[in-house]
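The numbers in the sequence shown follow my numbering, run straight up by one, and end at 470.
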Amino acid sequence: MNRYEIAVVGGGMVGAAVAIGYAKQGKKVALIEGSAPEAFAADQPMDVRVSAISRASVDLLDELGAWDAIRSMRICPYKRLETWEHPDCRTRFSSDSMQLEELGYIVENRVIQLGLWQEFSKYENLTVCCPDTLDKIQFGDENELTLSSGQRLSAEWVIGADGANSKVRNMVGIGVTAWDYRQHCMLINVETELPQQDITWQQFTPSGPRSFLPLCGHQGSLVWYDSPARIRQLNGMSNKQLREEILAHFPKELGDVKVLQSGSFPLTRRHAQSYVKQKCILVGDAAHTINPLAGQGVNLGFKDVKVLLEKCQEMTFTDQAVNAYERVRRPDNLLMQSGMDFFYKTFSNDVTPLKAIRNAALKLAEHSGPVKQQVLKYALGL
Numbered sequence: 089m090n091r092y093e094i095a096v097v098g099g100g101m102v103g104a105a106v107a108i109g110y111a112k113q114g115k116k117v118a119l120i121e122g123s124a125p126e127a128f129a130a131d132q133p134m135d136v137r138v139s140a141i142s143r144a145s146v147d148l149l150d151e152l153g154a155w156d157a158i159r160s161m162r163i164c165p166y167k168r169l170e171t172w173e174h175p176d177c178r179t180r181f182s183s184d185s186m187q188l189e190e191l192g193y194i195v196e197n198r199v200i201q202l203g204l205w206q207e208f209s210k211y212e213n214l215t216v217c218c219p220d221t222l223d224k225i226q227f228g229d230e231n232e233l234t235l236s237s238g239q240r241l242s243a244e245w246v247i248g249a250d251g252a253n254s255k256v257r258n259m260v261g262i263g264v265t266a267w268d269y270r271q272h273c274m275l276i277n278v279e280t281e282l283p284q285q286d287i288t289w290q291q292f293t294p295s296g297p298r299s300f301l302p303l304c305g306h307q308g309s310l311v312w313y314d315s316p317a318r319i320r321q322l323n324g325m326s327n328k329q330l331r332e333e334i335l336a337h338f339p340k341e342l343g344d345v346k347v348l349q350s351g352s353f354p355l356t357r358r359h360a361q362s363y364v365k366q367k368c369i370l371v372g373d374a375a376h377t378i379n380p381l382a383g384q385g386v387n388l389g390f391k392d393v394k395v396l397l398e399k400c401q402e403m404t405f406t407d408q409a410v411n412a413y414e415r416v417r418r419p420d421n422l423l424m425q426s427g428m429d430f431f432y433k434t435f436s437n438d439v440t441p442l443k444a445i446r447n448a449a450l451k452l453a454e455h456s457g458p459v460k461q462q463v464l465k466y467a468l469g470l
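In structure tokens form, the structure reads like this:
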């Protein structure tokens, strides 16, 4: 049986980042992942799943050596962000106000994952078990993992980076606090009439927000939140019919579009009742999922990685270190979850007095000076 200091279950963006981080610290690491990301080609269609990567996440990816590879594939910087319900009551943020070149980047999830995977070969102390999946864990002073291939390995610590339906979380018996938002989210990649844009925007409507994320060239990612029944209806349409619906329901800022591809998923909030148990540690979506309203999901996961790497380097890998990780990350994740829920609940109705108050609040926020700057700093991870 091969012995490792750390076994990371899940090789997505967050799992790959934490595996590289510990390999870089000289620890013996195993990464277990069911399938490798598809290789990149410039003429490939863009993936539907994209993330708004913050400045803090870029810094982490750069420290791990992956950012140059990611940048050489496909990224789209954005300099401005706007949000509104009534067109005359907008809150605007810009990189110029923070003396930054950009607020962040819109990047395909697979491109981020690929950039990280390209770093694996640099570390002799990092073993990648792929394609393979976790079958069971026998808990003890060292946890023994049995994989679906029959391979067995032991690890002092197991890191669950295996997503919202985490096997590690379930096997170790960590419960979750969860609720369904009773909304689905549709992601639609479109070709835009307008040229490359440097803005991401979001308009609130009673049935849910409508968002635009810029992609490379004349392309963009649209995010449509609505009831499950409405999203099912949209999913059943042809690209031509879907285009008509988009033009009828998205703001004029979008311009004309051609639908390229789409996908959808339900919105659920989950928060693990503990991040650490029996030498298993949860990170990313295994620990928390969030309403994707502000595209902060993967940024929270990368914040988890950064703090976990720092705490376990400062104190070595001890119970004290991993408990310090949870003490830092749990309140921050809870704050972001609660903030997104507040926006979601505040704007998802058509009550006239409340509409007037929230539009006045957005207009006030536009001129709030230092408060507005602090909100932006927090979102950027600065």
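The beta-carbon is built from N, C-alpha and C at its ideal position, and this holds for glycine as well.
Since the structure is predicted, the reported quantities are computational estimates derived from the model, not experimental observations.
Put simply, of V393, Q408 and L388 the residue whose alpha carbon is nearest the alpha carbon of L423 is L388.
Just measuring C-alpha positions, the residue of G228, S309 and T234 sitting nearest T288 is S309.
In the displayed model, R137 falls within coil according to three-state DSSP, outside both helix and strand. Taken in chain order, the unbroken stretches of beta strand (DSSP E) that lie wholly in the region 277–326 and span 3 residues or more are 287–291, 298–303 and 307–314. With respect to L188, F390 sits apart: the two C-beta atoms are not nearer than 7 Å. In this structure G372 is not in contact with A243, their Cβ atoms being roughly 18 Å apart against a cut-off of 8 Å. The region 342–351 and the region 391–405 do not touch, with fewer than 3 CB-CB distances between them shorter than 8 Å. CA-CA distance, Y92 to T377, rounds to 29 Å. Between the region 345–362 and the region 265–284 there are three or more C-beta pairs closer than 8 Å, enough to call the two in contact. With contacts defined as CB atoms closer than 7 Å, S299 and A374 fail to qualify as a contacting pair. One thing to note: P125 has its Cβ within 7 Å of the Cβ of L202. Per DSSP, the unbroken beta strand (DSSP E) holding C368 starts and ends at C368 to L370. For L422, the secondary structure class from DSSP, reduced to helix, strand or coil, is helix. DSSP places Q226 inside the beta strand (DSSP E), whose first and last residues are L222 to Q226. By the neighbour-count criterion, in which 16 or more other beta carbons inside 10 Å mark a residue as buried, K224 falls on the exposed side. In this structure, N231 and V117 do not form a Cβ contact; the two beta carbons are roughly 14 Å apart against a cut-off of 8 Å.
From the listed residues A105, R358 and M186, the smallest Cα separation to I247 is found for A105. A direct Cα-to-Cα measurement between A360 and I262 gives close to 7 Å. In the three-state DSSP reduction, N231 falls in the strand class (E or B).
Taken through DSSP and simplified to helix, strand or coil, Q329 comes out as helix.
Taking S237 as the centre and dropping the five residues before and after it, the same chain places the C-beta of D220 closer than 7 Å to its C-beta, in chain order. Classified as exposed, L335 has fewer than 16 neighbouring CB atoms from the shown chains inside 10 Å of its CB. DSSP places H174 in the coil class of the three-state scheme, outside both helix and strand. Counting along the chain, no beta strand (DSSP E) covers I163, and no H or E run does either.
Our two residues, K112 and A154, have alpha carbons roughly 13 Å apart in a direct line. Around the CB of G99, 16 or more other CB atoms lie within 10 Å, so the residue is classed as buried.
In the same chain as Q401, and ignoring 5 residues on each side of it, the C-beta atoms closer than 8 Å to its own belong to Q113, in chain order. Nearest to S123 by alpha-carbon distance, out of E151, W205 and V195, is W205. The continuous alpha helix (DSSP H) containing S145 extends over residues R143 to E151. D176 and Q291 have their C-alpha atoms spaced approximately 12 Å apart. The alpha-carbon separation between E332 and V264 amounts to approximately 40 Å.
The Cβ atoms of D268 and S295 lie no closer than 7 Å to each other. In this structure, the alpha-carbon of H337 lies about 15 Å from that of W172. In this structure, K167 and E196 do not form a Cβ contact; the two beta carbons are roughly 20 Å apart against a cut-off of 8 Å.
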